[in-house]
Ligand code: DP6
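Residue numbers (the working numbering): 13 to 335.
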């Protein structure tokens with residue numbers, strides 16, 4: 013038996029990934045830029061055990077489906093030249109599948125733990141490419157701080173990986189997550205974004221404008237310009253949700269509290285607080301602000317009707333092995 017345990021932190025995209033180009037392994041149609049979060053993470057232990065007849069998985073103490081896990085582990089087994097089945101035990105310290113990027117931290121932790129348990133010692137770029145094949149956003153959770161995922165051009169995905177832009181300590185930023193629903197979402201991202209070119213009339217425009225959004229965000233980060241970073245994040249989020257709404261059938265991830273929290277963020281901003289929102293494929297609202305304003309933002313969001321809970325987090329580290 014060989015085993016390893018890893019922790020990976022979840023991430024939230026400021027410039028969003030949505031849509032896949034042709035080819036295997038979640039090749040993104042657009043690049044993306046994200047922040048890795050300090051206080052939201054997944055711990056995953058992988059044991060390759062010759063006594064197992066099939067892969068087995070447990071998530072937060074309940075048996076988990078291995079449909080998406082076995083083909084992913086096969087990539088690692090193939091690379092390591094083994095065919096041993098694995099037992100996976102994983103814990104999220106936040107609600108699973110509700111738009112808090114559990115597939116990102118989950119597949120990033122699994123990638124690091126499973127490669128190590130299989131006896132492989134891959135560099136970060138290779139880990140990122142592998143994690144992408146589990147879930148596109150997981151490629152970014154291999155790194156900490158501010159991270160860019162490259163769309164890449166090649167069919168084999170050898171140029172579709174993430175890279176760090178800034179370490180967490182290079183530009184402290186906070187995210188206040190307003191949780192408005194803890195149930196798992198009904199339409200996961202993979203299904204929501206499948207065959208988008210045939211399902212949304214807005215898709216070509218989304219892809220066509222992504223490079224300029226990414227360039228603007230890179231500049232804002234280089235200049236440590238929070239207002240521009242925030243404005244671009246809010247715009248990318250609203251464009252993403254416009255695209256989702258335009259998909260046949262239309263994807264509506266918001267609930268009334270999501271909308272109320274968005275207005276609360278804008279009201280705070282009108283009153284002078286530097287804060288901007290972003291939202292993924294779920295109903296939670298994530299407010300970006302300088303750390304000096306996060307207590308005030310958390311208080312305001314907690315007072316919004318329908319907000320169940322808030323969590324404050326700074327920027328977190330790259331994925332790492334646990335003892
Ligand atoms: C809205 O990475 O979950 O969070 O590649 O199919 O696993 P798959 O999708 P996933 O999609 C994330 C979409 C998003 C935006 C983002 O994180 O960039």
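Where is the CB? At the ideal position from N, CA and C, for every residue including glycine. Computed from a prediction, not measured in an experiment: that's the story for all the values here.
Under the DSSP definition of a beta bridge, residue 25 partners with 46. Non-local beta-carbon contacts of residue 248 in its own chain, meaning distances under 7 Å to residues more than five positions away in sequence, involve 26, 27, 28 and 225 in chain order.
Taking 7 Å as the cut-off, one finds at least one heavy atom of the ligand DP6 near enough to the beta carbon of residue 29. Contact annotation, residue 252 with residue 30: C-beta distance approximately 5 Å; criterion of less than 8 Å satisfied.
Under DSSP, residue 296 shares a beta bridge with no residue.
Between residue 117 and residue 52 a beta carbon distance of about 7 Å is seen, short of the 8 Å cut, so the two are scored as contacting. Residue pairing by DSSP puts residue 18 in a beta bridge opposite 56 and 333.
Within the DSSP bridge table, the entry for residue 104 names 54 as partners. In the three-state reduction of the DSSP assignment, residue 288 falls in the strand class. For residue 219, the uninterrupted alpha helix (DSSP H) run begins and ends at 215-234, by DSSP.
Residue 200 has its alpha-carbon roughly 22 Å from the corresponding atom of residue 246. Only buried fits residue 40, as 16 or more other CB atoms lie within 10 angstroms of its CB.
Residue 316: not part of any alpha helix (DSSP H); DSSP gives it neither H nor E.
Beta-bridge partners of residue 186 (DSSP): 301. When 326, 220 and 283 are compared, the shortest CA-CA separation from residue 186 is found for 326. At the C-beta level, residue 277 and residue 289 come within 8 Å of one another. Not one heavy atom of the ligand DP6 sits closer than 7 Å to the Cβ of residue 157. Taking a C-beta distance under 8 Å as the contact criterion, residue 17 and residue 130 do not qualify as a contact pair.
In the DSSP assignment, residue 174 falls outside any alpha helix (DSSP H) and within the unbroken beta strand (DSSP E) covering 174-178.
Here the alpha carbon of residue 122 sits roughly 10 Å from the alpha carbon of residue 101. Two segments are said to touch when three or more pairs of C-beta atoms, one from each, lie closer than 8 Å; by this definition the region 157-166 does not touch the region 293-311.
Straight across, the Cα-Cα distance linking residue 138 with residue 173 is about 8 Å. Shortest gap from the CB of residue 41 to any heavy atom of the ligand DP6: 7 Å or more. Not one heavy atom of the ligand DP6 is found less than 7 Å from the C-beta of residue 250. Remark: C-beta atoms of residue 103 and residue 54 approach each other more closely than 8 Å. Counted as a single uninterrupted DSSP element, the beta strand (DSSP E) harbouring residue 71 occupies residues 68-71. CA-to-CA, the gap between residue 183 and residue 168 works out to about 34 Å.
Taking 8 Å as the cut-off, the beta carbon of residue 74 is found no closer than this to the beta carbon of residue 119.
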